[in-house]
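Structure first, commentary second.
There are 4 protein chains.
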Amino acid sequence: MKDAMQELLITARRNQILDAAAVVFTQKGFHPTTIRDVAREAGVADGTIYNYFESKAALLMGIFERMRASAVQQAALPPSLPDQRAFLRLMIHHPLNALRDNDFALFRIVISEMMVNEELRTLYARQILAPTLAMAEEYLAQQGYGPDHSRLVVRAVSGMVLGLIVEYVAGDATLRDAWDTLPDALADLMLHGLEGLSS
Amino acid sequence: MKDAMQELLITARRNQILDAAAVVFTQKGFHPTTIRDVAREAGVADGTIYNYFESKAALLMGIFERMRASAVQQAALPPSLPDQRAFLRLMIHHPLNALRDNDFALFRIVISEMMVNEELRTLYARQILAPTLAMAEEYLAQQGYGPDHSRLVVRAVSGMVLGLIVEYVAGDATLRDAWDTLPDALADLMLHGLEGLSS
Amino acid sequence: MKDAMQELLITARRNQILDAAAVVFTQKGFHPTTIRDVAREAGVADGTIYNYFESKAALLMGIFERMRASAVQQAALPPSLPDQRAFLRLMIHHPLNALRDNDFALFRIVISEMMVNEELRTLYARQILAPTLAMAEEYLAQQGYGPDHSRLVVRAVSGMVLGLIVEYVAGDATLRDAWDTLPDALADLMLHGLEGLSS
Amino acid sequence: MKDAMQELLITARRNQILDAAAVVFTQKGFHPTTIRDVAREAGVADGTIYNYFESKAALLMGIFERMRASAVQQAALPPSLPDQRAFLRLMIHHPLNALRDNDFALFRIVISEMMVNEELRTLYARQILAPTLAMAEEYLAQQGYGPDHSRLVVRAVSGMVLGLIVEYVAGDATLRDAWDTLPDALADLMLHGLEGLSS
DNA sequence: CATGAATGAGGGTTCATTCAT
DNA sequence: GATGAATGAACCCTCATTCAT
């Protein structure tokens, strides 16, 4: 019971520090932020950070891990298989929706470092991308699509989502204005194709 | 005439430095690379770099600007309007093809910093993304699509391409294997939609 | 009686900690070793160390003190005065023999810090060097040597021993190979001089 | 010629920094001294130190190297072979004499770190100890002593000198008072042995 | 007395940038 | 314009020590 208490305290402190790191990383970016910035924001001493995290980079990993955990938690497919349109909507809507408000800026920081940080990149590829793609592929396979098509489609859709996020982050006004209607519109586009648009 | 000569020399030296920066940024990334690394690779003194560039960040801007210039140069639509499938292939094929081999790694560095660097991001949005999208929108408008649809489609396609690049960079094996056949397959997918796939 | 028990426990704990300190100091040296290293090796918490020792430096003093105590314990001259050769052998053999195996490395650490640490140095000079020299001087005086000669000889011999230890520690192969025969050979050398060697 | 100038400047600056390091190391010891201390004493910026030395430890190596160079310079044997007594006097007198005044304190620092620093120790063993011993051994061999005896004697004498220095540094009053007469007295002692003393 | 999380001063080192030559 | 030594601010991280539990 003592141990359980300890565990809770440690987790709480870790989260306290990660919360602070998320705030200051969001404000200043990863590289410009100093450990002192994080410590001040968290209300702890500099050294305390290192009682909970190996390094500054580990803070980013920790943030990423929390994102991942919460994402995975929400990502489970509904038990009854949805129709293809609902499936597409889900696949598109979910990540777009997950990144609202403050999270966007933080995601930007994480993505940026991910492009450049081998460890973070591997984590993303293995922990998020691969499982998501696998799940989606399986669904499409059950819908009767061949493996090549399945693989292609899930990558096209997930890539599209990721790219739209980047473009949004880059400041595209159209995306910002239409963000809420995107999932439906994109699901239709992916389902029926360009030809399906009432021209 | 003296001035013209001067101009040439300056441009040559700038390119020499940018070439070196591209090499070492590609090898080590932007932040881990020092000005000394660039200077050594370029075969000049550290201080010389500052005769041609304001700062280390300006090197990245310079690299980006060269990418942009070469991209724009290749991006002009053929004079005769292609059919929609050819248009899609072009829109997809071009960026995927542009980023082969070494360029990939450099692009990764640039993207990464772009996410985090306001100036670079604005430059990208204004100089590359916006013109490209505008051109594509215009084409679709001429094909009879409404402005909302046009805007949506070009963003979907360009986002897809960007996202696929990121996923490729993240190490997706499927994408690596199918990279050459992607433009055609994706063009078909975007044209006919998921329904269009022989299920 | 309670107090006696307390006393024993305290002594035991002190020794437990000093043993651990000796081990890790031997492995890593004094400065590179952290209090945490000592605590882990001793199987106690960091803070516990400070219940028994003032500071990290006090650990070294404690180790030194134990060395001193055991050295003094063994150093008592035999009740019957030995002849001069036996005396020299004793004076040489004892310290050389005392520093075998693990003790060597620890001695190195202590010597090193002693050179630099005023308190430790004073302790060594007063507690070890002076008594040893005094005892040896007294013996020589009883053998009929004058005070000047006595002082000189004991310093020459003790210095020689110390210096040989340092050279041994520095890695001299000859000393390593001849270590066991050193006391006899050196005793003869000091007794008869260079001239005494069968040339 | 430009290069020669450069070389001189570099050497001068290195010496300037080493002089400063010697001063502050002598005052405060190696570990307690900060790079900033050295830089201030040398009248340069912190970073400048690292243009000339790899690390703080390299400063000590540099000091040691200068000591070595000057020691070697003075250590050459006279062309005509001295008699054995003169030889012993030389072997004893030289190192004792080399360490006068300020040098003593610095030597203490170097010795201390040498006990603990592998690289420094190796340097000492190879660059100073081994050559000195080899030279002395050779002399004794020429005097008709066998190799075993030669090896033993040179180690005994050199060890004695080193140990006396340590004891001097430790604050022995007798040694301090008799320092100037030591070489002669010790030479006699080593030549004739304890028996040779007029008892 | 034991614990070990918290502390925070401190230090070695880096590196973008400057400027005298 | 080219050089590269000098600069010094800044930063990540360590670790001896404290103290509330």
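Line order of the protein sequences matches chains A, B, C and D. If you read the first sequence in the working numbering, its first letter stands for residue 1060, the second for the next number, and so on. If you read the second sequence in the working numbering, its first letter stands for residue 1060, the second for the next number, and so on. If you read the third sequence in the working numbering, its first letter stands for residue 1060, the second for the next number, and so on. If you read the fourth sequence in the working numbering, its first letter stands for residue 1060, the second for the next number, and so on. Glycine is no exception: its CB is placed at the ideal position from the N, C-alpha and C atoms.
Residue i, buried or exposed, once every other Cβ within 10 Å from all chains shown has been counted against 16
i	result
residue 1195 of chain C	buried
residue 1071 of chain A	exposed
residue 1156 of chain C	exposed
residue 1064 of chain D	exposed
residue 1154 of chain C	buried
residue 1252 of chain D	buried
residue 1110 of chain D	exposed
residue 1101 of chain B	buried
residue 1067 of chain D	exposed
residue 1235 of chain B	exposed
residue 1215 of chain C	buried
residue 1217 of chain A	buried
Cα-Cα separation between residue i and residue j, rounded to whole angstroms
i	j	result
residue 1231 of chain C	residue 1184 of chain D	8 Å
residue 1225 of chain B	residue 1174 of chain A	8 Å
residue 1143 of chain C	residue 1239 of chain C	20 Å
residue 1116 of chain D	residue 1084 of chain D	12 Å
residue 1107 of chain D	residue 1082 of chain D	18 Å
residue 1212 of chain A	residue 1191 of chain B	24 Å
residue 1199 of chain B	residue 1209 of chain B	6 Å
residue 1094 of chain D	residue 1073 of chain D	14 Å
residue 1091 of chain C	residue 1128 of chain A	39 Å
residue 1120 of chain B	residue 1069 of chain D	37 Å
residue 1168 of chain A	residue 1163 of chain C	54 Å
residue 1104 of chain D	residue 1250 of chain D	54 Å
residue 1089 of chain C	residue 1182 of chain D	21 Å
residue 1150 of chain C	residue 1246 of chain C	9 Å
residue 1146 of chain B	residue 1062 of chain B	44 Å
residue 1188 of chain A	residue 1113 of chain B	39 Å
residue 1011 of chain B	residue 1176 of chain D	There is simply no residue 1011 of chain B to check, as chain B begins at 1060 and stops at 1258 in what is shown.
residue 1037 of chain C	residue 1186 of chain D	Outside the displayed span of chain C (1060 to 1258) sits residue 1037 of chain C, for which this structure offers no information.
residue 1197 of chain D	residue 1170 of chain D	27 Å
residue 1237 of chain B	residue 1193 of chain A	17 Å
residue 1130 of chain D	residue 1099 of chain B	39 Å
Residues of its chain near residue i, where Cβ-Cβ distance is below 8 Å and the 5 sequence neighbours each way are ignored
i	result
residue 1008 of chain A	The shown model of chain A, from 1060 to 1258, leaves out residue 1008 of chain A, and the question about it has no answer.
residue 1166 of chain D	1126, 1158, 1224 and 1228
residue 1221 of chain A	1154
residue 1248 of chain C	1255 and 1256
residue 1087 of chain D	1096
Element boundaries [alpha helix (DSSP H), containing residue i]
i	result
residue 1198 of chain B	1189-1201
residue 1143 of chain B	1143-1157
residue 1236 of chain A	1232-1237
residue 1101 of chain C	1094-1101
residue 1242 of chain A	1241-1251
residue 1185 of chain B	Taken as a continuous stretch (DSSP letters only), residue 1185 of chain B belongs to no alpha helix (DSSP H), as it is neither H nor E.
residue 1175 of chain D	First-last for residue 1175 of chain D: undefined, no H or E at that position.
residue 1209 of chain B	1206-1228
residue 1106 of chain D	1105-1111
6 Å Cβ shell around residue i - same chain, five flanking residues per side excluded
i	result
residue 1140 of chain D	none
residue 1152 of chain C	1242
residue 1233 of chain A	none
residue 1219 of chain B	none
Close beta carbons around residue i, own chain, < 7 Å, minus the five adjacent residues each side
i	result
residue 1018 of chain A	This structure cannot settle anything about residue 1018 of chain A, because the visible part of chain A is limited to 1060 through 1258.
residue 1179 of chain B	1119, 1120, 1123, 1172 and 1173
Check: residue i C-beta below 8 Å from any heavy atom of the ligand NAP
i	result
residue 1206 of chain A	The model depicted lacks the ligand NAP and carries no ligand whatsoever.
Could you tell me whether the stretch 1199-1218 of chain C touches the stretch 1203-1214 of chain D, where touching means 3 or more Cβ pairs closer than 8 Å? No: the two stretches stay apart, fewer than three of their Cβ pairs being nearer than 8 Å.
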